[in-house]
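Enquirer: Mind having a look at this structure? Questions to follow.
This is the structure we're talking about:
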């Protein structure tokens, strides 16, 4: 049996015992990406029909994004963050555990249509975003993981940029540590984004909580495996 087939058999055997809960401990670590994505879709479909909690143990934040509606972050044996997945992945308090390079936020979007130039048009709470063609039909709800280091901020709406995605946002707060970076938390309607910028940029922008700004994101900066069907 292939790795993917072995995982399917293992899950079927576990369910045959009619358990009160299903524990999946790093279930996709030994399969390739294509198989992993197929298993993700099957787990989501299975979860929708199971009257039991499903607990997934993983070190892969993208995997957690794709499958979990709630997340617990554990570091050195201690729980450091807990809550809805989108909220945890947008919480600067969890960044020490997941690492600054992994700082990201979840943006909910709905596929509007696909264009002949290979781009997909999606709608969000505050505007349209364009991504390289996504494998989802119009009307499909998605969650897009936006890395904090890929977000650029502007006080006013910029013009003449190659970046296709410019979203109106509201500043929630800013946090900084001992290094040169500042983490800015932004509201996109009911969702959030994180922007990791330098202190110099933060001082020049002088954005205050409650002020309006614009978040800029290159279409090509969103990795394919950072786009998942909305598990909610």
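Residue numbers (the UniProt record's numbering): 1 to 232. Note that CB positions come from ideal geometry on N, CA and C, so glycine has one too. Only a predicted model underlies this, so the values are computations on that prediction, with no experimental measurement involved.
1) In angstroms, rounded to a whole number, what distance separates the CA positions of residue 37 and residue 202?
2) Applying the 10 Å Cβ sphere with the 16-neighbour rule, what's the burial state of residue 64?
3) Where in the UniProt domain "Mop" (160–226) do unbroken runs of the beta strand (DSSP E), each at least 3 residues long, occur, reported from the N-terminal end onward?
4) Within the continuous alpha helix (DSSP H) that includes residue 62, where are the two ends?
5) To the nearest angstrom, how far is it from the Cα of residue 101 to the Cα of residue 198?
6) Residue 112 and residue 124 look like a contact to me (Cβ under 8 Å); what is the Cβ gap, rounded to whole Å?
7) Check whether the segment 210–222 touches the segment 142–155, taking contact to mean three or more Cβ pairs, one atom from each stretch, closer than 8 Å.
8) For residue 181 and residue 196, I'd like the C-alpha separation in whole angstroms.
9) Using a Cβ-Cβ cut-off of 8 Å (strictly less than) and excluding sequence neighbours within five positions of residue 81, which residues of its own chain qualify?
10) I need the boundaries of the alpha helix (DSSP H) containing residue 38, first residue and last residue.
11) Checking contacts by CB at 8 Å: is residue 123 closer than that to chain B?
12) Here's a check: name, in chain order, each residue in its chain whose Cβ is nearer than 6 Å to the Cβ of residue 225, leaving out the five neighbours to either side.
13) Return yes when the Cβ of residue 222 is within less than 8 Å of the Cβ of residue 131, no when it is not.
14) What is the DSSP secondary structure of residue 25, reduced to helix, strand or coil?
15) Assign residue 229 to one of three DSSP states: helix, strand, or coil.
16) Buried or exposed, going by whether 16 or more other CB atoms sit within 10 Å of the CB of residue 40?
17) To the nearest angstrom, report how far apart residue 46 and residue 29 are at their CA atoms.
18) Quick check on the burial criterion: 16 or more other C-beta atoms within 10 angstroms. Buried or exposed for residue 12?
Expert: On the basis of the supplied data:
1) 38 Å
2) buried
3) 165–176, 181–188, 191–198 and 212–217
4) 61–67
5) 14 Å
6) Incorrect: roughly 10 Å between the Cβ atoms, too far for contact.
7) yes
8) 6 Å
9) 71, 72, 73, 88, 91, 93, 94 and 97
10) 33–49
11) Here there is only one protein chain, and chain B is not present.
12) 62
13) yes
14) strand
15) strand
16) buried
17) 19 Å
18) exposed
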